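Residue numbers (the numbering used here): 131 to 311.
Okay, structure coming up:
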């Protein structure tokens, strides 16, 4: 099993200090973060695309989980979790209705004042596009990457308040709190 994401291990003490107990790993993939958090004592739900849920159901690690859901079930599930983790998912979801649905599902499944941890690829701030890039959509350094400010702008309409963030080599992790539903 691959180790948990750095953002998860970095914020683990915060999660425990805030008495967060339940987690939705939205875009759970191989369950590396789900299993780590379950082993740390959290009640963990894993969600992903239906095709990946089929794979998850065959994994031994799923037995540690409180539940496994397909993303199309999240609109009705209203889990009321303390924390949602999104690890490199926003980078692969197209803009538009899919991204909007993803973000709405996060809000629907968080308890009031719950937390969201987002980790995404970020642009190398030292490299310049030389003006060839339109809105971060064309050059290899910008496509499907975010700064923390861009994430703030994306998440603010859904009621999220920026708590803190950090950058590392090619990633940014941002912790948010939902203000209300």
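We put the CB at the ideal spot given by N, CA and C, even for glycine.
Quick caveat, the model's predicted, so the values are computed rather than measured.
Item checked: Residue burial classification, residue 249 (beta-carbon count within 10 angstroms, cutoff 16) -> Residue numbering aside, residue 249 sits at position 119 when the chain shown is read from its first letter. So residue 249 counts as buried.
Check: With DSSP run on the structure shown, which of helix, strand or coil describes residue 232?
Finding: By one-based count along the chain shown, residue 232 stands at place 102. Of the three classes helix, strand and coil, the one that applies to residue 232 here is helix, per DSSP.
Checklist line | Rounded separation between residue 191 and residue 161 - CA only | finding: If you number the chain shown from 1, residue 191 lands on position 61. If you number the chain shown from 1, residue 161 lands on position 31. So the alpha carbons of these two residues sit roughly 7 Å apart.
Checklist line | Whole-Å CB distance - residue 180 paired with residue 196, under 8 Å assumed | finding: As a working mapping, residue 180 is identified with position 50 in the chain shown. As a working mapping, residue 196 is identified with position 66 in the chain shown. With 8 Å as the limit, residue 180 and residue 196 do not qualify as a contact, their Cβ atoms being about 19 Å apart.
Item checked: Residue(s) in a DSSP beta bridge with residue 290 -> Position 160 of the chain shown, counted from the start, is the residue given in the question as residue 290. DSSP output for residue 290 lists 308 as bridge partner(s).
Check: What residue ranges within the region 199-225 form continuous beta strand (DSSP E) runs of no fewer than 3 residues, ordered along the chain?
Finding: 211-217
Note to self: Closer than 8 Å is the cut-off here; do at least three beta carbon pairs connect the region 222-242 with the region 278-293?
What the structure shows: yes
Margin query: So if DSSP puts residue 141 in a beta bridge, which residue, or which two residues, is it bridged to?
Written below: Along the chain shown, read from residue 1 onward, the residue named residue 141 stands at position 11. According to DSSP, which records beta bridges pairwise, residue 141 is partnered with nothing at all.
Margin query: For residue 137 and residue 247, which I take to be in contact (beta-carbon distance under 8 Å), what is that distance rounded to the nearest angstrom?
Written below: Within the chain shown, the letter at position 7 stands for residue 137. Within the chain shown, the letter at position 117 stands for residue 247. Yes, they are in contact, since the Cβ atoms of residue 137 and residue 247 sit about 6 Å apart, within 8 Å.
Next item on the list: Rounded to whole angstroms, what's the CA-CA distance from residue 274 to residue 170? Just pull it up for me.
Entry: For the purposes of this step, residue 274 is taken as the residue at position 144 of the chain shown. For the purposes of this step, residue 170 is taken as the residue at position 40 of the chain shown. Cα to Cα, the separation comes out at about 32 Å.
Notebook entry, point to check: For residue 180, which three-state DSSP category applies?
Noted result: Residue 180 sits at position 50 when you count from the first residue of the chain shown. Here residue 180 sits in helix by DSSP.
Checklist line | Inter-residue spacing [alpha-carbon to alpha-carbon] between residue 143 and residue 172 | finding: Sequence index remark: in the chain shown, residue 143 carries index 13 (1-based). Sequence index remark: in the chain shown, residue 172 carries index 42 (1-based). Each residue's alpha carbon lies about 13 Å from the other.
Margin query: So if DSSP puts residue 247 in a beta bridge, which residue, or which two residues, is it bridged to?
Written below: Residue mapping note: residue 247 aligns to position 117 of the chain shown, counting from 1. Bridge partners of residue 247: 215, 305.
Notebook entry, point to check: Who are the Cβ neighbours of residue 309 in its own chain at under 7 Å, not counting the five residues just before and after it?
Noted result: As a first step, residue 309 is located in the chain shown; it is residue number 179 there, counting from the start. 289, 291.
Next item on the list: Can you tell me which of 206, 156, 282 puts its alpha carbon nearest to the alpha carbon of residue 213?
Entry: Position 83 of the chain shown holds residue 213. Per the Cα distances, 156.
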